[in-house]
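Chains as they are written, first to last, in the working numbering: chain R, 1 to 306; chain E, 1001 to 1313. Ideal Cβ placement from N, Cα and C applies to all residues, glycine included. Bear in mind that the values here come from a model prediction, so they are computed numbers and not experimental data. Before any comments, here is the structure.
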């Protein structure tokens, strides 16, 4: 039987998930002096990740000691530029360990073979993290209300997700056939049940003029229910056509983008290949929800080289 | 009253006229298309074969399935082949409902800069991958490394797979008729719904009510789109909807008076000539304005000569 989450429990979970960054931030660092987005460019993705997290205040700001960390990387397909770079995964595991995390687990409902063929399983194991594969059975997902959702009123998040203290999302930014762009916002669908994800498409999506924006609205709504403490985005090399699966044209900015504001990060990443963030419905709708800032001029974006 | 065996024979006769899936007809399983070790020793299967039929495609290519379903997806296979030095190539074979649908997906997946090859109905080779259209199949081969061994492997595997496909590669009628207007290097994508259309053309109204199919063509100096509607009334309604929408948007405006087409529209940085002929809506864009008008006239002439009903596939 699925257990419904009551409001009190949901709020408690949200507080714990967001608490990692808030508690550590207020104790050790003045967040006001730090950039909103730290971007590091360089051929060595591992070093870029370490440096970007350091520039945004260090992993200790987001991962308190003795906490359990849930991570969401993209292992969709082993085509070049379609999955999170294993070296970035290794670096994040290293930083979480250094910060004193007691569990560093990557959650996924994709089959283990995806993680093997992308080299991500080997990276997780080498780094000292663990891969947790969740069966696609709907009972493995918890119905979670989204009271402020415009179109998506309930999502179904992996049951095990609620056992963790801190959540870090680690997408690769890339093209997407459905909504032109994928990054931190769309990556959240990786925690939601595949069956619920399918409801993001209207039954008459091929003929309804509003169907495409419906999908984007669902993505924005889903992001009301999930709040990562930190986003580490792979913008090293990614597909800008034929996404999300590839193969497609590759762009290689060699950048790792780190921050907490999903909208700002996606706006930055979209601009890497000339997309107008305001024209990407998922980004605009998430901004309208107050999830983050779409205008990069209002953000402190600092770029570094490693 | 009736001959003795009517009850038995009648259903059998009816069955003869029922549509039969092409793979059943030809007896081809997707796995039959893969090169096997007895015919090709250099590259061998190195992963389990994954398959999907119909909506199960979501389980195989989560997030990318809708586009295939829009074009009429039947079944798919994915497998990895490996050679010496850990060189690896992903093989994906998609069987679509017909050759025209397969061409549509192929036309969207190939890039504008891809090198065209005479494999199957048509093949397009990019830096590290290749798309092949052959009959009702679309085959995508992806090199997971970039080196000469992979290059040779892509060519060899593509030729071997395509050689096993005997069904004819038929272009959609609309493409067949428009192609003579294009230069060899022009890129043409054929869409059968809003996702395909949106992938190639950022237009504020999508889908346009009643749109069926169409093409988007891009060359170095011009771009045009033909959208096919089920009848001329629907095409006219769509044209009026565009005018209305462009008038109401802050990022668009209509240049001049939209009484007599072609209508000149500015949407963000792009300028379009929009016109209608029968059940076809045409959008042409080029920095060369006389050239733009000339292209529009040529398109109209070509499409008008096809008459109605429109060229639906």
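When R:252, R:212, R:301 and R:169 are compared against residue 105 of chain R, the one with the closest alpha-carbon: For residue 105 of chain R, the nearest C-alpha among the options comes from R:169.
Straight-line Cα distance separating residue 1224 of chain E from residue 1175 of chain E: Residue 1175 of chain E and residue 1224 of chain E: Cα-Cα distance of roughly 13 Å.
Residue from R:143, R:258, R:148 and R:233 with nearest C-alpha to residue 61 of chain R: That would be R:258, whose Cα lies nearest to the Cα of residue 61 of chain R.
Beta carbon proximity, residue 295 of chain R to chain E, threshold 8 Å: Residue contact with chain E for residue 295 of chain R: absent (no Cβ-Cβ distance below 8 Å to any residue of chain E).
Residue closest to residue 1129 of chain E, alpha-carbon to alpha-carbon, out of E:1296, E:1143 and E:1285: The shortest C-alpha separation from residue 1129 of chain E is found at E:1143.
8 Å Cβ cutoff met for residue 74 of chain R and residue 187 of chain R: By the CB criterion at 8 Å, residue 74 of chain R and residue 187 of chain R fall inside the cutoff.
Residue ranges of each beta strand (DSSP E) within the region 260-287 of chain R, 3 or longer: As far as the region 260-287 of chain R is concerned, it has no whole beta strand (DSSP E) run of at least 3 residues.
Integer-rounded CB distance, given that residue 266 of chain R should sit under 8 Å from residue 151 of chain R: Not really, about 19 Å apart at Cβ, beyond 8 Å.
Anticipated Cβ contact below 8 Å, residue 39 of chain R with residue 302 of chain R, distance rounded: Between residue 302 of chain R and residue 39 of chain R the Cβ distance is about 7 Å, and since that is below 8 Å, they are a contact.
Residue-level contact to chain C via CB, residue 1222 of chain E, 8 Å cutoff: Annotation note: the requested chain C is absent from the structure, which comprises protein chains R and E.
Whole-angstrom C-beta distance between residue 97 of chain R and residue 163 of chain R, which should lie under 8 Å: Incorrect: roughly 19 Å between the Cβ atoms, too far for contact.
Interface partners of residue 76 of chain R on chain E, CB under 9 Å: Here the neighbours are 1061, 1062, 1063 and 1064.
Own chain, CB closer than 6 Å to residue 130 of chain R, minus 5 neighbours either side, in chain order: Cβ neighbours of residue 130 of chain R beyond the five flanking positions: 105.
Below-8 Å beta-carbon distance, residue 194 of chain R vs any chain E residue: Cβ-Cβ to chain E under 8 Å: yes for residue 194 of chain R.
Coarse secondary structure for residue 1291 of chain E, derived from DSSP in three states: Helix.
Three-state class that DSSP yields for residue 1247 of chain E in the structure shown: Residue 1247 of chain E: helix per DSSP, three-state reduction.
Same chain, Cβ closer than 6 Å to residue 216 of chain R, five either side skipped, listed in chain order: For residue 216 of chain R, same chain residues with a beta-carbon under 6 Å away, outside a window of 5 residues either side, are 179, 281, 282 and 285 in chain order.
Same chain, Cβ closer than 6 Å to residue 1082 of chain E, neighbours up to 5 away in sequence not counted: Excluding sequence neighbours, residue 1082 of chain E sits near 1046 and 1088.
Below-8 Å beta-carbon distance, residue 223 of chain R vs any chain E residue: By the rule that beta-carbons nearer than 8 Å mark a contact, residue 223 of chain R does not touch chain E.
Integer Cβ distance of residue 1238 of chain E from residue 1208 of chain E, believed to fall under 8 Å: Contact between residue 1238 of chain E and residue 1208 of chain E holds, since their C-beta atoms are separated by about 4 Å, short of 8 Å.
Opening and closing residue of the alpha helix (DSSP H) in which residue 92 of chain R lies: For residue 92 of chain R, the uninterrupted alpha helix (DSSP H) run begins and ends at 86-99, by DSSP.
Residue range of the unbroken alpha helix (DSSP H) whose run includes residue 49 of chain R: Where residue 49 of chain R is concerned, the enclosing alpha helix (DSSP H) stretches over 45-55.
For residue 222 of chain R, three-class secondary structure by DSSP: DSSP places residue 222 of chain R in helix when its eight states are reduced to three.
Distance between residue 48 of chain R and residue 262 of chain R (C-alpha atoms, nearest Å): Taking the straight line joining both Cα atoms gives about 19 Å.
CA nearest to the CA of residue 90 of chain R, picked from R:99, R:274, R:102 and R:126: Closest by alpha carbon: R:126.
Span of the beta strand (DSSP E) around residue 1152 of chain E: Element bounds for residue 1152 of chain E: not the beta strand (DSSP E) but the alpha helix (DSSP H), 1148-1163.
When E:1171, E:1126, E:1300 and E:1291 are compared against residue 1133 of chain E, the one with the closest alpha-carbon: Taking only the C-alpha atoms, the option nearest residue 1133 of chain E is E:1171.
Boundaries (first-last residue) of the beta strand (DSSP E) holding residue 1065 of chain E: Not the beta strand (DSSP E): residue 1065 of chain E falls in the alpha helix (DSSP H), residues 1065-1071.
Continuous alpha helix (DSSP H) stretch holding residue 1197 of chain E: start and end: Taken as a continuous stretch (DSSP letters only), the alpha helix (DSSP H) holding residue 1197 of chain E covers 1194-1200.
Where the region 1120-1136 of chain E meets chain R: residues whose CB sits under 7 Å from a CB there: Within the region 1120-1136 of chain E, the residues whose Cβ lies closer than 7 Å to some Cβ of chain R are 1128 and 1129, listed in chain order.
C-alpha distance - residue 115 of chain R paired with residue 1074 of chain E, whole-angstrom precision: Distance between the alpha carbons of residue 115 of chain R and residue 1074 of chain E is about 27 Å.
Below-8 Å beta-carbon distance, residue 62 of chain R vs any chain E residue: False, the Cβ-Cβ gap to chain E never drops below 8 Å.
Beta-carbon contacts of residue 304 of chain R that lie in its chain and below 8 Å, excluding the five residues immediately before and after: Hits under 8 Å: 38, 39, 40, 41, 51, 52 and 55.
Cutoff 8 Å: residue 1090 of chain E Cβ touching any chain R Cβ: When Cβ-Cβ separations below 8 Å define contact, residue 1090 of chain E makes contact with chain R.
Chain-ordered neighbours of residue 307 of chain R on chain E, where CB pairs are closer than 7 Å: The first residue shown for chain R is 1 and the last is 306, placing residue 307 of chain R beyond what the model contains.
Cα-Cα separation, residue 201 of chain R to residue 214 of chain R: Cα to Cα, the separation comes out at about 7 Å.
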